[in-house]
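Structure first, commentary second.
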Amino acid sequence: MTAGSLFWSMEGLVSSAEAQSFEPVSIIISQSSKPVTYMTVLDKNTIVIQITEGEFNFHGYLERTSGNTFIGENEQVRVIYDRGTKQVVVINKKTGTEFYNYYFSDTNEGAL
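Residue numbers (the UniProt record's numbering): 1 to 112.
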């Protein structure tokens, strides 16, 4: 292989990489470890959750998948709530990037 053919091979790699386009992510990744969260238990299998911080907003239903795990999603993110450990995880569905991972209790601790 000559230096010229190596150059052309590498140029083809660079050109193909430049041709790729990436969709911009419209979700702003939070600077906070715990966004504002509201949760309402509808029944033993369904929870309504609202998570907001800055331009990030998720409002939807979490359905029990098994045990204490509830999952909901929209076009961009998947929300997973483990009612046993009280852990909320929000991930980007396309990339798997974790936006939030924090603890939130759905128990009204003021009433205890």
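Quick reminder that beta carbons are idealized off the backbone N, C-alpha and C, glycines included.
Which ranges does the beta strand (DSSP E) cover as unbroken runs of at least 3 residues, wholly within the region 40-109, from first to last along the chain? Every beta strand (DSSP E) stretch that sits fully inside the region 40-109 and reaches 3 residues is listed by chain position as 46-53, 56-66, 69-73, 77-82, 87-92 and 98-103.
Spatially closest choice to Tyr100 from Phe70, Thr85, Thr52 and Leu62, by CA coordinates: Tyr100 has its Cα closest to that of Thr52, out of Phe70, Thr85, Thr52 and Leu62.
Environment of Ala81 [buried if 16+ CB atoms lie within 10 Å]: The amino acid at residue 81 is misidentified as Ala; the sequence shows Tyr. Per the 10 Å Cβ criterion, buried.
Starting from the C-beta of Val41, find all residues in its chain whose C-beta is less than 7 Å away, skip the five residues before and the five after it, and write them out in chain order. Taken in chain order, the residues that qualify are Ile47 and Asp106.
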